[in-house]
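Written below as structure tokens is the structure these notes are about.
2 protein chains.
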Amino acid sequence: MISLRIQEVCRKTGLTKKAIYFYIDQGLIMPDRNAENNYLDFSEADVDRLQIIALLRQYNVPVGAVEELFRYPSMTNFYLHRQLADLRAQLLRQLGLIRSLSTLLTELPPQYNVANLKEQVGRSTAATEADQSMLDLVCPDQDARMISIFIWSSFLNVPKSEYRLFLWGKITEQAQQELKGSLRYVARIIYALDSEQIENDARQRYHDSQAILKLQEESYGQLRQRIMKRLRHLADDPRDQAYWTLNYEKVTLPLVRFVNGPLGDLIAEYNSEYLIYLKNMQRLAASVRRELLEGAERDLYERLIRVLNGKLDLDQYPGLISFYTFEMGLYMILPLAKQRQLLEE
Amino acid sequence: MISLRIQEVCRKTGLTKKAIYFYIDQGLIMPDRNAENNYLDFSEADVDRLQIIALLRQYNVPVGAVEELFRYPSMTNFYLHRQLADLRAQLLRQLGLIRSLSTLLTELPPQYNVANLKEQVGRSTAATEADQSMLDLVCPDQDARMISIFIWSSFLNVPKSEYRLFLWGKITEQAQQELKGSLRYVARIIYALDSEQIENDARQRYHDSQAILKLQEESYGQLRQRIMKRLRHLADDPRDQAYWTLNYEKVTLPLVRFVNGPLGDLIAEYNSEYLIYLKNMQRLAASVRRELLEGAERDLYERLIRVLNGKLDLDQYPGLISFYTFEMGLYMILPLAKQRQLLEE
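Protein chains in written order, with the UniProt record's numbering: chain A, 1 to 345; chain B, 1 to 345.
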């Protein structure tokens, strides 16, 4: 086993001693102390980790987020996408500043005194739509990929292959193109959550997809009952109704459209289990829909239509109901007021 | 006389109390204390100044620079241009970061663990030439205007008029177009100086231009002697020679071309005194050139050619000599090593 002194670690990682001591303080690495001379002994794993920390810090990932990332390593993709979204937002503010200052300078006469700046007080430095289009052109947002990873995470965890990498490239490219903007509220909500919330949700989601994947004739009834129970709860609980109506146009419908869009075929190609999952899911949704619209639960349906202000189009979106049961949880974690704020801007 | 309480000042300026107290601590404003109740009494001038401070801080001008700006108010244009240059440099770094992270994300497979990031260690986040072109497209640098103000400051201090504002627009536009990039080293050096150095230089420059403007037949000899003295010094002093050869291609020639370019006509239109100045300057340069090339100072000329490694093209640039005497001082303030570094990148 290799063990290195701090000087060598500095050289290898490009970090300063001070930075390394700081990461030790933060518990990000825990090198041993040499029993003889009391020096720190860094293992190869410590060095690897420090190099990754240096890489993340290079992208301005805050130290707190670096810590979280090591605690929730499966969130790597999520974190890096969120960091990109943060950097883009900063760049946009910066563009607004620059454009505003640049315009100010073109308007100033050559002899100008700081006191004359009074006339300029109140200038806006907000980014314009032109700045936004420019940013999108130079560096498109990558939120669609993040959301794809998120939604299909249960089906993406299969061995890597050249063909799958190729497919993944197609999936993300298509997601990006199809979804320009329409999933931006979804992205906002997801980025506002913390790792624990997301990881818990991913675990639940995985569990549910496994159950749906293994659906047998006899287990349909069980899941259908779970859905009905959720729907009754929705019909009774004003808080859930508030989330539903708040999210309906900006979050729920775009997501349902996305999940049922053409990308599903590519996901099925990526992992053939997804085909079975989709078929079972559609069967489940159809049977729930039948029960609501024509069957024993017609009353429940009418109550739902009333409390949700008609925001429940089962004809066009039969998947809405299962979405509410299996996926909506994540979009109901943030306090309502916070969420309203995120969806307003 | 109006006097305001701090609450009202907060409301008017959008600043917090804490920020206002901080600016008082820094000596940027000095409101009186009310003798009766010991409250701070803010004057209208205090409020004006705070509003200007808030405006400058909005553009991220560091507090230290805000202080300097109030100490050297004639440097306003310089400071704002330098701020723009800083913001552009930051934006460029940010663009490099974003592009690098964005590329990284497109290469990552969907299931990705923080430990796998090891393969990404060593990625460059430097901005590319494409980033630079994009930035130039979206927000062209404004250094040419700053340099114009700088070089012609002695002739710009005339009463404002609509026509002059129009001319100024043309001057800066033309400066911008003609000088894409070729004055970037000049800008770098100027931005690396501090206000005192620049203000001193501007004062000296103003003094010299007044002397040249008022040249009479009998005073030519005097200025010619001053020039010859500088040249003899140059021939003897290795340090000055080092500055000369270092600056020749990247600073001196672009500046001489700029000053003698078509913008001169517009400056003459802006302030007709400039015409007289130019004529006198040309006459002075021609007589010095004659003396060096064909007259009594031929030996000096040959020594100069030798010590400057031939970097003295008086045929194409007769203005070189007067540039060295009257304007080069500013480009010899920074330590040689620092300057070499600025000109290298």
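In this text, a Cβ means the ideal position worked out from N, Cα and C, and glycines have one as well.
- Exclusion of the five residues before and after residue 285 of chain A leaves 318, 319, 321, 322 as the residues of its chain whose Cβ lies within less than 7 angstroms of its Cβ.
- For residue 108 of chain B, the three-state secondary structure derived from DSSP is coil.
- Within the region 110-145 of chain A, complete alpha helix (DSSP H) segments of at least 4 residues are found at 129-138, given in chain order.
- With its beta carbon less than 7 angstroms from one in chain A, residue 113 of chain B belongs to the interface.
- Judged by DSSP secondary structure, residue 280 of chain B falls within the alpha helix (DSSP H) whose first and last residues are 273-293.
- Sorting A:121, A:162, A:190 by C-alpha distance to the C-alpha of residue 333 of chain A places A:190 at the top.
- In the structure shown, residue 4 of chain A adopts extended strand secondary structure according to DSSP, grouped into three states.
- Residue state for residue 41 of chain A is assigned as strand, using DSSP reduced to three classes.
- Listed in chain order, the positions of the region 151-169 of chain A with a beta carbon within less than 7 angstroms of a beta carbon of chain B are 156, 157, 160, 165, 168.
- Collapsing the DSSP output to three states places residue 315 of chain A in coil.
- The beta carbons of residue 241 of chain A and residue 234 of chain A sit about 7 angstroms from each other, so the pair counts as a contact at 8 angstroms.
- Here residue 81 of chain A is buried. Its C-beta has 16 or more other C-beta atoms within 10 Å.
- In the DSSP assignment, residue 204 of chain A falls within the alpha helix (DSSP H) that extends over 195-213.
- The C-beta of residue 134 of chain A comes closer than 7 angstroms to at least one C-beta of chain B.
- Residues of the region 75-105 of chain A whose Cβ lies closer than 9 angstroms to any Cβ of chain B, in chain order: 75, 76, 77, 79, 80, 81, 83, 84, 87, 88, 90, 91, 94, 95, 97, 98, 99, 100, 101, 102, 104, 105.
- Within 10 angstroms of the beta-carbon of residue 38 of chain A lie fewer than 16 other beta-carbons, which makes it exposed.
- When only Cα atoms are considered, residue 239 of chain A and residue 311 of chain A end up about 15 angstroms apart.
- At a C-beta separation below 8 angstroms, residue 172 of chain B has these neighbours in chain A: 106.
- Taken atom to atom, the span from the alpha-carbon of residue 199 of chain A to that of residue 75 of chain A is near 8 angstroms.
- DSSP links residue 32 of chain A through a beta bridge to A:41.
- Contacts between residue 16 of chain A and chain B, judged by CB atoms closer than 9 angstroms, are missing: the closest CB pair is about 17 angstroms apart.
- In this chain, the alpha helix (DSSP H) harbouring residue 255 of chain B covers 253-259.
- Taking residue 31 of chain B as the centre and dropping the five residues before and after it, the same chain places the C-beta of 24, 40, 41, 42, 43, 46 closer than 8 angstroms to its C-beta, in chain order.
- Residue contact check for residue 121 of chain A against chain B: a CB pair falls below 7 angstroms.
- Collapsing the DSSP output to three states places residue 27 of chain B in coil.
- Taken in chain order, the unbroken stretches of alpha helix (DSSP H) that lie wholly in the region 58-109 of chain B and span 4 residues or more are 63-71, 76-107.
- The count of Cβ pairs closer than 8 angstroms, one atom from the region 134-141 of chain B and one from the region 150-158 of chain B, stays below three, leaving the stretches out of contact.
- DSSP, read as helix, strand or coil, puts residue 153 of chain A in helix.
- Proximity of residue 143 of chain B to chain A, defined by a Cβ-Cβ separation below 7 angstroms, is not satisfied.
- Between residue 154 of chain B and residue 209 of chain B, the CB-CB gap stays under 7 angstroms.
- Flagged as an interface residue toward chain B: residue 138 of chain A, by a C-beta distance shorter than 7 angstroms.
- Judged by DSSP secondary structure, residue 270 of chain B falls within the alpha helix (DSSP H) whose first and last residues are 263-270.
- Listed along chain A is no residue with a C-beta nearer than 7 angstroms to that of residue 38 of chain B; the closest approach is about 29 angstroms.
- Taking 7 angstroms as the threshold, the shortest C-beta distance from residue 128 of chain A to chain B does not fall below it.
- In the three-state reduction of the DSSP assignment, residue 161 of chain B falls in the coil class.
- In this structure, DSSP gives residue 334 of chain B a state outside helix and strand, which the three-state scheme calls coil.
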